[in-house]
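Residues 6 to 467 in this note's numbering are what the sequence shown lists, from first letter to last.
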Amino acid sequence: MKIQLETPEKNGRMVSLPNSQGVQRIVVVQEGKTAVVLRTVDSTGYLVTYQFQQMKKASLVFISYFKSETTLTMQNIFLTPNDTLVCLERKGRLVFEGKGSTVVINRFLQKYQLLERDSLQRRPLMRNVSEEIYRSLMRDIADRQWAEYQGLQRSIGDAQNAFVQAAIESQYYHRAAFYNATKDWTDDMFDDLQSIRQVESSPKKYREGLSPRLKLYIVPHEDAWMSSNYRSALLSFLGEKYVVDELAPKEPSKMMDFYNDADKALANLPKTREEILNLALAEKGFWTSESEKGPFIERFERDFPQSNHLPSIKMRYWKNIRMVVGTQIPSLPVFEQDSTSTTLQRLVGKKTLLLLWNTWEDSCQAALAAFGTLGQKIKQTNVQLATLCSKNRFESWKDALRSYPINKASEHHFYADYLLGDVLEAVFTTKRPLMVLLDKEGRYLDAGSPFDGQKISRWLKE
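Here it is, written out as structure tokens:
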């Protein structure tokens, strides 16, 4: 991508492009190579070239540059592999030169503001008409846009076709939804951008006034997901009836019904289904503070066992678990001394004393020594001991264990990596060392100091 700037280029620009999972990430590009982008500037400072070196399919990239010392300009660009897009900067916007298909699609996307919030999502085209009339008008505009696009392209690739269609459909959806949500607004309210942002950001904007329910055409192609506006429209369309009121009394989550709806609506689009379910898990408007996400996540893991979203989904979920009597200990991934991977579910089957510790505090070292002494005294066959160390280097953990050898078959020693250390602090508080009592089903019973012999003796007798 070549950009002829109006003023000489001085600062490194930012770009955004999809990673291997299709998620956009920001890359700050300086002179020379990065893993994904080669950026060069000619001797005049006016011509900047970005070469996206690992692009294997048509993708959206995000270009950010300063048109002055204080004004940052941002724009999404549609690029295809093995193609060169030439642009001129004019008053902070990019003007596309040439006649290729990539040029045509970018001009079309820019003309109708399909990659941003357009003017009709800030102020409706007309006021005081029925929702049905306004929706019909927006539908006519969308149909004309699609017909125009088809006329521009002599040969339309499936991915490009799906992306443009999704962008048009989502723009229609958001325009109609915005009208429904703001039909009682005054002119002053439309002038208040902050009020508009509040409506735009609220998942409740689709709850009221949608009779009949606002429809969204689901584009039957995975590459429709490239459009961020389509993603938000699809989530709102499928989840409209599942938005909850945080102030209402706790009710059983209906999100398994949402899961069923997504399965049905996106039956032939597994990647889109995976992505929309991941978005739903992060959407606070779908869950009360007491909602149990466990069954939803378990089903997601069964359906998408190789999903790249699973680690972050589980981390977010585990961090919100609070240990009260009867809470099942989460199935946290840990390592044994021989680097074997396992989970804390390994402890299910016996009453467990679990010591949480780290290597760098003297009190933790003393707790580990006391724990070893305790292990030699316990004779009950229905009790096991386990230690869990976090936020340490793996080798320093093994060294510490060698200094305090505990060699009973009924004892387990686990190591958690640095990321899981944050989860453990959220679940069990930050106090270390800490002794935790679990029943034979792996449920939390109590916690206390590993130096409180009386409490530990009472635990063992119960």
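Where a beta carbon is used, it is the ideal one built from N, C-alpha and C, also for glycine.
Can you name, in chain order, every residue of its own chain whose Cβ lies under 6 Å from the Cβ of residue i, other than the five neighbours on each side?
i: Q56; result: L43
i: Y93; result: The sequence as given places Leu at residue 93; Tyr does not occur at that position. For L93, where only same-chain residues beyond five positions count, the Cβ hits under 6 Å are Q9 and V100.
i: W464; result: L442
i: L349; result: I334 and L337
What number of angstroms, rounded off, separates the C-alpha of residue i from the C-alpha of residue j?
i: G377; j: T434; result: 24 Å
i: S258; j: G290; result: 12 Å
i: F309; j: K96; result: 46 Å
i: K104; j: V53; result: 21 Å
i: A270; j: S141; result: 23 Å
i: V66; j: S237; result: 18 Å
i: I31; j: I68; result: Low per-residue confidence applies at I31: pLDDT is 46, beneath 50, and the placement is therefore not dependable, though the value from the model is reported in the following sentence. Taking the straight line joining both Cα atoms gives about 10 Å.
i: D197; j: T191; result: 10 Å
i: A181; j: L243; result: 16 Å
i: P13; j: R112; result: 25 Å
i: G50; j: D88; result: 23 Å
i: V134; j: D189; result: 11 Å
i: A229; j: W323; result: 32 Å
i: N185; j: R122; result: 16 Å
i: I5; j: S462; result: This structure leaves residue 5 out entirely; the chain is present only between 6 and 467.
i: L522; j: L219; result: Nothing about residue 522 can be reported from this structure: the residues present for the chain run from 6 to 467 only.
i: K466; j: D457; result: 15 Å
i: L286; j: Q459; result: 44 Å
i: L157; j: D163; result: 15 Å
i: C473; j: R321; result: Summary: the structure shown does not reach residue 473, with the chain confined to residues 6 through 467, and so no result is reported for it.
i: K62; j: A167; result: 14 Å
Sort out for me which residues DSSP pairs residue i with in a bridge.
i: V169; result: The partner list for V169 (beta bridge, DSSP) is empty, contrary to what the question assumes.
i: Y117; result: Answer by DSSP bridge pairing: none, since Y117 is not bridged.
i: H417; result: A391
i: V100; result: L93
i: F57; result: V42
i: V441; result: L359 and A452
i: F309; result: Paired residue(s): none; F309 is not in a bridge.
i: T347; result: V339
i: K7; result: T54 and V91
i: M79; result: S69
i: S462; result: S462 pairs with nothing; no bridge assigned.
i: L84; result: S64
My guess is that residue i and residue j are in contact by the Cβ rule of under 8 Å, so how many angstroms apart are they, rounded?
i: L90; j: V108; result: 7 Å
i: Q165; j: I110; result: 6 Å
i: L390; j: E416; result: 5 Å
i: Q176; j: A147; result: 7 Å
i: G447; j: L352; result: 6 Å
i: Y409; j: F340; result: Rounded, the Cβ-Cβ distance is 18 Å, inconsistent with contact.
i: L240; j: L284; result: 5 Å
i: E174; j: Y222; result: 5 Å
i: V432; j: M328; result: 6 Å
i: R278; j: D268; result: 7 Å
Looking only at its own chain, which residues have a Cβ that is under 8 Å from the Cβ of residue i, when we skip the five neighbours before and after it?
i: A172; result: L114, L119, L120, S232, N234 and Y235
i: N273; result: P225
i: G299; result: Y322
Just mark residue i as buried or exposed, buried being the case when its beta carbon has 16 or more other beta carbons within 10 Å.
i: Q170; result: buried
i: Y423; result: exposed
i: L130; result: exposed
i: A405; result: buried
i: D262; result: exposed
i: K319; result: buried
i: W362; result: buried
i: D47; result: exposed
i: M194; result: exposed
i: Q385; result: exposed
i: T392; result: buried
i: Q58; result: exposed
i: M6; result: buried
i: T345; result: exposed
i: F305; result: buried
i: D301; result: Contrary to the premise, residue 301 reads as Phe rather than Asp in this sequence. Classification of F301: buried, given that the 10 Å Cβ count is 16 or more.
i: Q150; result: buried
i: T187; result: buried
If I measure Cβ to Cβ from residue i and keep anything under 7 Å in the same chain, skipping five residues before and after, which residues do I get?
i: L450; result: V330, L442, L443 and D444
i: P455; result: L360, A372, A375, F376, P438 and M440
i: T364; result: C394, N397, S401, W402 and A405
i: K355; result: N387, V388, Q389 and K445
i: S106; result: Q158
i: M143; result: Y177, R180 and A181
State yes or no: is the beta carbon of residue i nearer than 9 Å to at least one beta carbon in chain B?
i: E245; result: Absent from the structure is chain B; it holds one protein chain and no more.
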